[in-house]
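Novice:
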Amino acid sequence: MRRRDALGIGIGGLLGVAAGVATASETVRPAPKPPARTHVVVIDPGHGGRDPGAIGVRGTHEKDVVLDIALSAAQRLAGRRGLTVRLTRTEDQFLPLDDRREFASAARASLFVSIHADSAPNREARGLSAYTLSEAPTDGFAKALADRENAADGGGGPSRPLPPRIAAILNDYVRNQTLARALRVKVALIEGADRLGLPLLENPKRSANFAVLRAPDVPSLLIETGFLSNPQDEARLRDPAQRRRVADFLADQIARTLAGPIFI
Ligand SMILES: [Zn+2]
Numbered sequence: 014m015r016r017r018d019a020l021g022i023g024i025g026g027l028l029g030v031a032a033g034v035a036t037a038s039e040t041v042r043p044a045p046k047p048p049a050r051t052h053v054v055v056i057d058p059g060h061g062g063r064d065p066g067a068i069g070v071r072g073t074h075e076k077d078v079v080l081d082i083a084l085s086a087a088q089r090l091a092g093r094r095g096l097t098v099r100l101t102r103t104e105d106q107f108l109p110l111d112d113r114r115e116f117a118s119a120a121r122a123s124l125f126v127s128i129h130a131d132s133a134p135n136r137e138a139r140g141l142s143a144y145t146l147s148e149a150p151t152d153g154f155a156k157a158l159a160d161r162e163n164a165a166d167g168g169g170g171p172s173r174p175l176p177p178r179i180a181a182i183l184n185d186y187v188r189n190q191t192l193a194r195a196l197r198v199k200v201a202l203i204e205g206a207d208r209l210g211l212p213l214l215e216n217p218k219r220s221a222n223f224a225v226l227r228a229p230d231v232p233s234l235l236i237e238t239g240f241l242s243n244p245q246d247e248a249r250l251r252d253p254a255q256r257r258r259v260a261d262f263l264a265d266q267i268a269r270t271l272a273g274p275i276f277i
């Protein structure tokens, strides 16, 4: 008799909890909220290993400054709620462009941010800019830059074919959605940089046909943090405090963007 009572109460309690209904012995508690979506962001420090990227007027290597910025940004993002950060490289290591892009797709990333520093024949050119993918580049400089970045693999042949999972979803709708998101992130990022007073390139919202941005399912951006060919920008990028400022800005902007309406 006693056992049956105990069993009855036990089952009643379980059913009550399962249905979100309080039993007589319980206080009323709201049903637990479903966990918020966790976004994966992939941060990609450009170049590495045998590919130094741009080399500054004082000999600064792009691969080193962008790795430092990427590591700082990832550190600032680590542990934030609803966000997981992954890096394509954490040391001075060569990585083909296809591998970087595929890493982001395999991680089911919500956002891929490739971090670079520019070089231009015009020594006056300076400031941060952000690129999204387009077969129609903003201007001749954007085209030359994408050609140079795409040659980072050693001028190798065409990209590897897309894996079947990606090919299956590769249709105009997905691609358009992906690009539309990337464009909105680019605008938000440049406006955020402007508000913060970071030096910006003239016409900083740019586009070009970068191989590393071609994932059809991951909104992808390439950030040029400044021009190593410009003495002021190079000095800024050589200064750990200034690199930190850029990294903090990128981290905060990424976190804010992923929590905002673009990714709902
Ligand atoms: Zn680069």
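If you want my numbering, it's the 1-based position in the sequence shown plus 13.
Positions of the beta carbon are idealized from the N, C-alpha and C atoms, including for glycine.
#1: My output table needs one value for T270: the three-state DSSP class, helix, strand or coil.
#2: According to DSSP, is A122 helix, strand or coil?
#3: The alpha helix (DSSP H) spanning A195 covers which residue range?
#4: Quick check on A264: buried or exposed, where buried means 16 or more other Cβ atoms within 10 Å of its Cβ?
#5: Just to confirm before moving on: does the CB-CB distance between V78 and T238 stay below 9 Å?
#6: What does a CB cutoff of less than 7 Å around P134 pick up in its chain, not counting 5 residues either side in sequence?
#7: Once DSSP output is grouped into helix, strand and coil, what is the label at A149?
#8: Measure the beta-carbon distance from F125 to A272 and round it to whole angstroms, keeping in mind my assumption that it falls under 8 Å.
#9: Using a Cβ distance threshold of 8 Å, determine whether the region 247-261 contacts the region 144-151, with at least three qualifying pairs required.
#10: Can you tell which of R194, F154, F240, T270 has its C-alpha closest to the C-alpha of G69?
#11: Taking a contact to mean a Cβ-Cβ separation below 9 Å, would you say V231 touches R99 in this structure?
#12: Excluding the 5 residues preceding and the 5 following F223 in the sequence, name in chain order all residues of the same chain whose CB lies nearer than 7 Å to its CB.
Specialist: Taking the structure as given:
#1: Counted from its first residue, the sequence shown places residue 270 at position 257. Note: T270 maps to helix in three-state DSSP.
#2: Within the sequence shown, residue 122 is the residue found at index 109, counting from 1. Looking at A122 - three-state DSSP - the assignment turns out to be coil, as it is neither helix nor strand.
#3: Here residue 195 refers to the residue found at position 182 when the sequence shown is read from its first residue. Taken as a continuous stretch (DSSP letters only), the alpha helix (DSSP H) holding A195 covers 185-209.
#4: For the purposes of this step, residue 264 is taken as residue 251 along the sequence shown, with counting starting at 1. Under this definition A264 is a buried residue.
#5: Within the sequence shown, the letter at position 65 stands for residue 78. Within the sequence shown, the letter at position 225 stands for residue 238. Yes. Within cutoff.
#6: Along the sequence shown, read from residue 1 onward, the residue named residue 134 stands at position 121. Nothing listed; no residue qualifies.
#7: Position 136 of the sequence shown holds residue 149. DSSP places A149 in coil when its eight states are reduced to three.
#8: The residue labelled residue 125 in the question sits at position 112 within the sequence shown. The residue labelled residue 272 in the question sits at position 259 within the sequence shown. Rounded, the Cβ-Cβ distance is 17 Å, inconsistent with contact.
#9: no
#10: As a position in the sequence shown, residue 69 is number 56, starting the count at 1. When only C-alpha atoms are compared, the closest one is F240.
#11: Here the question's residue 231 lines up with position 218 in the sequence shown. Here the question's residue 99 lines up with position 86 in the sequence shown. Their beta carbons are not under 9 Å apart, which means V231 does not touch R99 by this criterion.
#12: Here residue 223 corresponds to residue number 210 of the sequence shown, with the count starting at 1. For F223, where only same-chain residues beyond five positions count, the Cβ hits under 7 Å are Y144, L146, A159, E162, N163, L235.
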